[in-house]
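Engineer: This note's numbering applies: residue 3 is where the sequence shown begins, and numbers increase by one.
Note that beta-carbon positions come from the ideal geometry of N, C-alpha and C, so glycine has one too.
Computed from a predicted model, the values in this text were never measured in an experiment.
Can you read through this structure? Questions will come right after.
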Amino acid sequence: MARCGRVAADASFWPTAHGRIYAMDTTITLFLLQDGTINGAIYALLSVAFVLLFTVTRIIFIPQGDFVAYGGLTLAALERGETPGSVWLLLAMGIVAGLIEMVRERHRLNRRRLTTIVALDFILPAALVAMAVLLAPLRLTGVGAILLTLAIIVPMGSYIYRICFRPLSDASILVLLIASVGVHWLLTGLGLVFFGAEGYRTTSLVATNFTVGPLFITGQSVLMLLTTVAILAALYLFFGRTLAGKALRASAVNGRGARLVGISPYSSGQLAFAMATFIGAVSGVLISPMTTLYYDSGFLIGLKGFIAAIVGGFASYPLAVVAALFIGLSEAFAAFWASAFKEVIVFSLIIPILLWLSLRSTHVEED
Numbered sequence: 003m004a005r006c007g008r009v010a011a012d013a014s015f016w017p018t019a020h021g022r023i024y025a026m027d028t029t030i031t032l033f034l035l036q037d038g039t040i041n042g043a044i045y046a047l048l049s050v051a052f053v054l055l056f057t058v059t060r061i062i063f064i065p066q067g068d069f070v071a072y073g074g075l076t077l078a079a080l081e082r083g084e085t086p087g088s089v090w091l092l093l094a095m096g097i098v099a100g101l102i103e104m105v106r107e108r109h110r111l112n113r114r115r116l117t118t119i120v121a122l123d124f125i126l127p128a129a130l131v132a133m134a135v136l137l138a139p140l141r142l143t144g145v146g147a148i149l150l151t152l153a154i155i156v157p158m159g160s161y162i163y164r165i166c167f168r169p170l171s172d173a174s175i176l177v178l179l180i181a182s183v184g185v186h187w188l189l190t191g192l193g194l195v196f197f198g199a200e201g202y203r204t205t206s207l208v209a210t211n212f213t214v215g216p217l218f219i220t221g222q223s224v225l226m227l228l229t230t231v232a233i234l235a236a237l238y239l240f241f242g243r244t245l246a247g248k249a250l251r252a253s254a255v256n257g258r259g260a261r262l263v264g265i266s267p268y269s270s271g272q273l274a275f276a277m278a279t280f281i282g283a284v285s286g287v288l289i290s291p292m293t294t295l296y297y298d299s300g301f302l303i304g305l306k307g308f309i310a311a312i313v314g315g316f317a318s319y320p321l322a323v324v325a326a327l328f329i330g331l332s333e334a335f336a337a338f339w340a341s342a343f344k345e346v347i348v349f350s351l352i353i354p355i356l357l358w359l360s361l362r363s364t365h366v367e368e369d
């Protein structure tokens, strides 16, 4: 995803002297390790989001990668001075979610609850639309554009949960998975409508570059790694030190028990979706200066995070992160040795893992 093309190009100029080939091997290996680590960092964030959503809501959220594309393409639209189409999707989602909430609570709807629904589902999206329309012609860049992008994308997660998944909260995992696939195809089709078929990149957030030995390291890649570590550390502190984080953990361990002690599964679901959407949007912002994003780019990126989550058993955050780094490194080396079969090699890695997991675990019927 980062510089595999450059590495492959360097390989075509290898001299034939035995000692020189060994030196080039070392340099190429360092480049591939660098690329694999950068790619693995993004896959690690997405794998953590997959695990978070599944443990709290039992949803295998296939559209997680779509928020990567939506985040990057929304930022690119703001930098070009265009109003991003995603803001209209946000407004439509807010209106639909608000209307559904009113119908659901029509028998016990009071003034305070109605005010909350109107503020969060109607006024907030409308205000973000107004901000995007007014500020987009200014060609926002930097922190301002990123904050507006996150403000547009992050609420979509809780809206999707309330519209599509809350009515199915008691359904089986298979039904939730089918609904998740439907949401993915809907977001992909709308992405084509809103952003077009052309790919875009954004301006690098850090222009400083430097070299370490033979490696050329961009400031953007360093920012990506530091942001990944910061988010993972923040999640660790959130789940271990805050009341909301402990409530999510309780919902993940035993949803029925959490409900008995006053923890709302719907509030937990909304919070989990908002966090996962935030992770996806931030990932899109981070990688958009390094790779061209298209309306459907998120699916393949998210799928690799999904594989890492499977390796972690959709339960272990550390194992999912380690698996994501392994996938990133495998992808980098596969792109060098057999670029035409890169995706085949990466996705084939899951077969022995699934066989091992199926042999060492006992099947438990779902409640």
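Would Phe212 be called buried (16 or more neighbouring beta carbons within 10 Å of its own) or exposed?
Structural biologist: Locating residue 212 in the sequence shown gives position 210, where the first residue counts as 1. Per the 10 Å Cβ criterion, exposed.
Engineer: List, from N- to C-terminal side, the alpha helix (DSSP H) runs of 4 residues or more that fit wholly inside the segment 80 to 135.
Structural biologist: Runs of the alpha helix (DSSP H) inside the segment 80 to 135: 88 to 106, 113 to 119.
Engineer: Can you find the residues in the same chain that come closer than 6 Å, C-beta to C-beta, to Leu93, ignoring five residues on each side of it along the sequence?
Structural biologist: Taking the first residue of the sequence shown as 1, we reach residue 93 at position 91. Result list for Leu93: Pro127, Val131, in chain order.
Engineer: I'd like to confirm the pairing. Which residues does DSSP put opposite Thr213 in its beta bridges?
Structural biologist: If you number the sequence shown from 1, residue 213 lands on position 211. In DSSP, Thr213 forms a bridge with Phe218.
Engineer: Assuming Leu48 contacts Gly282 under a Cβ cut-off of 8 Å, what Cβ separation, rounded to an integer in Å, is found between them?
Structural biologist: In the sequence shown, counting from the first residue as 1, residue 48 sits at position 46. In the sequence shown, counting from the first residue as 1, residue 282 sits at position 280. Contact holds; Cβ gap of about 7 Å.
Engineer: Considering only residues of the same chain and omitting the five flanking positions on each side of Gly42, which have a CB-CB separation below 6 Å?
Structural biologist: The residue you call residue 42 lines up with position 40 of the sequence shown. Here the set comprises Ala326, Leu327, Gly330.
Engineer: In the DSSP assignment, find the unbroken alpha helix (DSSP H) run with Ala252 in it and report its ends.
Structural biologist: Indexing the sequence shown from 1 puts residue 252 at position 250. Per DSSP, Ala252 belongs to the alpha helix (DSSP H) from 245 to 255.
Engineer: Using C-beta distances below 6 Å, list every residue in its chain close to Leu55, excluding the 5 sequence neighbours before and after it, in chain order.
Structural biologist: For the purposes of this step, residue 55 is taken as residue 53 along the sequence shown, with counting starting at 1. The residues are Ile61, Phe63, Ala274, Ala278.
Engineer: Where does Tyr319 fall in DSSP's three states?
Structural biologist: As a first step, residue 319 must be located in the sequence shown, where it is residue number 317. It is helical.
Engineer: Thinking C-alpha only, which one of Tyr161, Leu116, Thr205 is nearest Ala147?
Structural biologist: The residue labelled residue 147 in the question sits at position 145 within the sequence shown. For Ala147, the nearest C-alpha among the options comes from Thr205.
Engineer: May I have the straight-line CA-CA distance separating Ala370 from Thr210, to the nearest angstrom?
Structural biologist: The structure shown does not extend to residue 370, since the chain spans only 3 to 369, so no value can be given for it.
Engineer: Suppose contacts are defined by Cβ-Cβ distances below 8 Å. Is Arg106 in contact with Gln272 by that definition?
Structural biologist: Stepping through the sequence shown from its first residue, residue 106 is reached at position 104. Stepping through the sequence shown from its first residue, residue 272 is reached at position 270. Result no, Cβ atoms of Arg106 and Gln272 do not sit closer than 8 Å.
Engineer: Going by beta carbon distance, what residues of the same chain come within less than 6 Å of Ser299, once the five residues before and after it are set aside?
Structural biologist: For this step, residue 299 is matched to residue 297 along the sequence shown. Once the five neighbours on either side are set aside, the close Cβ partners of Ser299 are Ala71.
Engineer: With distance defined between alpha-carbon atoms, name the residue in Ser350, Ser318, Ile309 nearest to Tyr45.
Structural biologist: The residue labelled residue 45 in the question sits at position 43 within the sequence shown. When only C-alpha atoms are compared, the closest one is Ile309.
Engineer: Which two residues bound the contiguous alpha helix (DSSP H) that contains Thr190?
Structural biologist: Position 188 of the sequence shown, counted from the start, is the residue given in the question as residue 190. That run of the alpha helix (DSSP H) goes 175 to 197.
Engineer: Relative to the C-alpha of Ala276, which candidate in Glu200, Ile162, Phe338, Lys248 has its C-alpha closest?
Structural biologist: Within the sequence shown, the letter at position 274 stands for residue 276. The candidate whose alpha carbon is nearest that of Ala276 is Ile162.
Engineer: For Gly307, count the other beta carbons within 10 Å of its own beta carbon; 16 or more makes it buried, fewer makes it exposed. Which is it?
Structural biologist: On the sequence shown, position 305 is the one that residue 307 refers to. Gly307 is buried by the Cβ-count criterion.
Engineer: Which residues bound the alpha helix (DSSP H) around Pro354?
Structural biologist: Here residue 354 is taken as the residue at index 352 of the sequence shown, counted from 1. Segment 352 to 362, the alpha helix (DSSP H) holding Pro354.
Engineer: State the CB to CB distance for the pair Gln222 and Leu207, rounded to an integer number of angstroms; the pair is presumed to be in contact (CB under 8 Å).
Structural biologist: Position 220 of the sequence shown, counting from 1, holds the residue named residue 222. Position 205 of the sequence shown, counting from 1, holds the residue named residue 207. So it is a contact: roughly 6 Å between Cβ atoms.
Engineer: Can Leu75 and Tyr202 be called in contact, C-beta distance under 8 Å?
Structural biologist: If you number the sequence shown from 1, residue 75 lands on position 73. If you number the sequence shown from 1, residue 202 lands on position 200. Result yes, Cβ atoms of Leu75 and Tyr202 sit closer than 8 Å.
Engineer: Using alpha carbons as the reference points, say which of Trp339, Thr59, Val313 lies closest to Leu357.
Structural biologist: Numbered from 1 along the sequence shown, position 355 holds the residue referred to as residue 357. Nearest C-alpha to Leu357: Val313.
Engineer: Taking the straight line between their C-alpha atoms, what separation do you get for Phe301 and Leu262?
Structural biologist: Here residue 301 corresponds to residue number 299 of the sequence shown, with the count starting at 1. Here residue 262 corresponds to residue number 260 of the sequence shown, with the count starting at 1. If I take the Cα positions, the gap works out to 37 Å.
Engineer: Given a cut-off of 8 Å, decide if Tyr297 and Leu152 are closer than it, judged by their beta-carbon atoms.
Structural biologist: Here residue 152 corresponds to residue number 150 of the sequence shown, with the count starting at 1. Here residue 297 corresponds to residue number 295 of the sequence shown, with the count starting at 1. In this structure, Tyr297 does not lie closer than 8 Å to Leu152 by Cβ.
Engineer: For Leu77, which residues of its own chain have a beta-carbon under 7 Å away from its beta-carbon, when the five flanking residues on both sides are left out?
Structural biologist: Indexing the sequence shown from 1 puts residue 77 at position 75. Once the five neighbours on either side are set aside, the close Cβ partners of Leu77 are Ala147, Ile148, Thr151, Thr204, Val287, Ser290.
Engineer: In angstroms with no decimal places, state the Cα-to-Cα distance between Asp37 and Phe343.
Structural biologist: Working through the sequence shown from its first residue, we reach residue 37 at position 35. Working through the sequence shown from its first residue, we reach residue 343 at position 341. Their backbone Cα atoms lie some 18 Å apart in a straight line.
Engineer: In its own chain, which residues sit with a C-beta less than 6 Å from the C-beta of Leu227, not counting the 5 before and 5 after it?
Structural biologist: Taking the sequence shown and counting its residues from 1, one reaches residue 227 at position 225. Cβ within range, chain order: Ala43.
Engineer: For Phe33, which option in Lys248, Ala254, Phe241, Val214 has the closest C-alpha, if you only look at C-alpha atoms?
Structural biologist: Here residue 33 refers to the residue found at position 31 of the sequence shown. The residue with the shortest Cα to Cα distance from Phe33 is Val214.
Engineer: Measure the alpha-carbon distance for Leu116 versus Pro169 and round it to whole angstroms.
Structural biologist: To locate residue 116, count along the sequence shown from 1; it is residue 114. To locate residue 169, count along the sequence shown from 1; it is residue 167. Rounded to whole angstroms, Leu116 to Pro169 spans 20 Å at the Cα level.
Engineer: According to the neighbour-count rule (16 or more other Cβ atoms, all chains shown, within 10 Å of its Cβ), is Glu200 buried or exposed?
Structural biologist: Walking along the sequence shown from the start, residue 200 turns up at place 198. That one is exposed.
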